[in-house]
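Student: For the record, in the sequence shown the residue sitting at position 15 is 40 according to my numbering, with numbers rising by one throughout.
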Amino acid sequence: MFGRLFNWFSSDMAIDLGTANTLVYVKGQGVVLNEPSVVAYRQRGGRKEVQAVGHQAKL
26 MFGRLFNWFS SDMAIDLGTA NTLVYVKGQG VVLNEPSVVA YRQRGGRKEV
76 QAVGHQAKL
């Protein structure tokens, strides 16, 4: 079961978790996401909360 699911994703979609940017490529569509590899978070009471990701986190 997992083998078929993995094969479907691996042949139709690719994710590049780069140092500067994260890219998602979909077969037949090309690059569908190109965002900075950045996460902005806030720590409240010992707990970390994600505030923004990608372009929004760079602002």
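No residue lacks a Cβ here, since even glycine has one placed at the ideal position from N, Cα and C.
In the DSSP assignment, find the unbroken alpha helix (DSSP H) run with A45 in it and report its ends.
Tutor: Taking the sequence shown and counting its residues from 1, the one referred to as residue 45 is at position 20. That residue, A45, is in no alpha helix (DSSP H); it is neither H nor E in DSSP.
Student: Three-state secondary structure (DSSP) at Q54?
Tutor: Position 29 of the sequence shown, counting from 1, holds the residue named residue 54. Coil, per DSSP.
Student: Taking the DSSP output, what are the residues bridged to V63?
Tutor: Numbered from its first residue, the sequence shown carries residue 63 at position 38. DSSP, once it has assigned bridges, lists no residue as partnering V63.
Student: What residues are listed by DSSP as bridge partners for Q68?
Tutor: The count along the sequence shown starts at 1 and reaches residue 68 at position 43. For Q68, which the question treats as bridged, DSSP gives the partners K73.
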